[in-house]
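Student: Each protein sequence line maps, in turn, to chains A and B.
If you're matching positions, the first sequence starts at 33 in the working numbering and goes up one per residue.
If you're matching positions, the second sequence starts at 1069 in the working numbering and goes up one per residue.
Below you will find the structure I want to go over with you.
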Amino acid sequence: EAGVAQSPRYKIIEKRQSVAFWCNPISGHATLYWYQQILGQGPKLLIQFQNNGVVDDSQLPKDRFSAERLKGVDSTLKIQPAKLEDSAVYLCASSLGDRGQNYGYTFGSGTRLTVV
Amino acid sequence: AQSVTQLGSHVSVSEGALVLLRCNYSSSVPPYLFWYVQYPNQGLQLLLKYTTGATLVKGINGFEAEFKKSETSFHLTKPSAHMSDAAEYFCAVRNAGNNRKLIWGLGTSLAVNP
């Protein structure tokens, strides 16, 4: 089966600019996650979708970050405006159901964002 | 609150030597435990997991881990390191209760020397 697709792989922007990331999960996976991984740290969950509904966005900086999964399939994560501290790898993952965190889930290759 | 501690941010071994990556957790209820590997410029890949049952868990690429409740540990081992094992390894814990978030360790970078 095809894996989790993410694009772009790399992005460099200036602070205060906007940026968007795209994720296409594994076909049939109802649950989609966006993680932020800062260099030297473990992943941090930003938002979890179950189909097109938000299950958990408690750690999403909502003043600048937004995410949507309108048709319950692919998803976009946006940052507007970006700050230097947003430099990180943004990982998308998907799982069959919301038990993904019980049994592990599949990650994409990530988007490496550098804010200068 | 749950937490994960990975002892040693960098581990270096010789090719063919034993790999031991340490992970200790804190959890007030039986945990679900995971090890993930991240190769350079790639996403995270599940190596193995413990949910219930046998405490010695075998994963991909010859890795295994043993859940020791008395020591609150879930150390990752491999008898003989390969050059291709060089990567970042993350331990994670999920509480078996209603809070379903994964709590991640800071990672251990494994270097394998020829």
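Note that the Cβ used here is the ideal one computed from N, Cα and C, for glycine as well.
(1) Nearest by alpha-carbon distance to tryptophan 54(A): which of Ala62(A), Gln112(A), Gln91(A) and Ala99(A) is it?
(2) Taking CB distances under 8 Å as the criterion, tell me whether phenylalanine 97(A) reaches chain B.
(3) Anything in chain B within Cβ reach of proline 40(A), meaning under 8 Å, just list it in chain order.
(4) How would you label alanine 1133(B), buried or exposed, when you count the other beta carbons within 10 angstroms and need 16 or more for buried?
(5) Would you mind sorting glutamine 120(A) into buried or exposed? The rule is 16 or more other CB atoms within 10 Å of its CB.
(6) Leucine 1174(B) CB to nearest chain A CB: under 8 Å?
(7) Can you tell me whether aspartate 118(A) is buried or exposed, with buried defined as 16 or more other CB within 10 angstroms of its CB?
(8) If I measure Cβ to Cβ from aspartate 89(A) and keep anything under 7 Å in the same chain, skipping five residues before and after, which residues do I get?
(9) According to a CB-to-CB cut-off of less than 7 Å, which residues of the stretch 42-62 of chain A neighbour chain B?
(10) Tell me, please, whether the CB atom of leucine 145(A) is closer than 8 Å to any CB atom in chain B?
(11) Buried or exposed: histidine 1143(B), going by 16 or more other Cβ atoms within 10 Å of its Cβ?
Tutor: Let me lay it out:
(1) Mapped onto the first sequence, residue 54(A) falls at position 22. For the residues Ala62(A), Gln112(A), Gln91(A) and Ala99(A), the minimum Cα distance to tryptophan 54(A) belongs to Ala99(A).
(2) Here residue 97(A) refers to the residue found at position 65 when the first sequence is read from its first residue. Phenylalanine 97(A) is outside the set of residues whose beta carbon lies under 8 Å from a beta carbon in chain B.
(3) Counting from one through the first sequence, the residue named residue 40(A) turns up at place 8. Per Cβ cutoff of 8 Å: no residues; proline 40(A) is ~13 Å from chain B at best.
(4) As a working note, residue 1133(B) is residue 65 in the second sequence. It counts as buried.
(5) Taking the first residue of the first sequence as position 1, residue 120(A) is located at position 88. At residue 120(A) the sequence reads alanine, which differs from the glutamine that was named. With 16 or more other Cβ atoms within 10 Å, it is buried.
(6) Stepping through the second sequence from its first residue, residue 1174(B) is reached at position 106. With 8 Å as the cut-off, leucine 1174(B) counts as an interface residue toward chain A.
(7) Counted from its first residue, the first sequence places residue 118(A) at position 86. So aspartate 118(A) counts as buried.
(8) In the first sequence, the residue the question calls residue 89(A) occupies position 57. Take aspartate 89(A), set aside five residues on each side of it, and the residues of its chain with a beta-carbon closer than 7 Å to its own are Ile79, in chain order.
(9) For chain B, none of the residues of the stretch 42-62 of chain A brings a beta carbon within less than 7 Å of one of its beta carbons.
(10) The count along the first sequence starts at 1 and reaches residue 145(A) at position 113. Chain B, which has no Cβ nearer than 8 Å to the Cβ of leucine 145(A), makes this no.
(11) As a first step, residue 1143(B) is located in the second sequence; it is residue number 75 there, counting from the start. Around the Cβ of histidine 1143(B), a 10 Å sphere holds 16 or more other Cβ atoms; the residue is buried.
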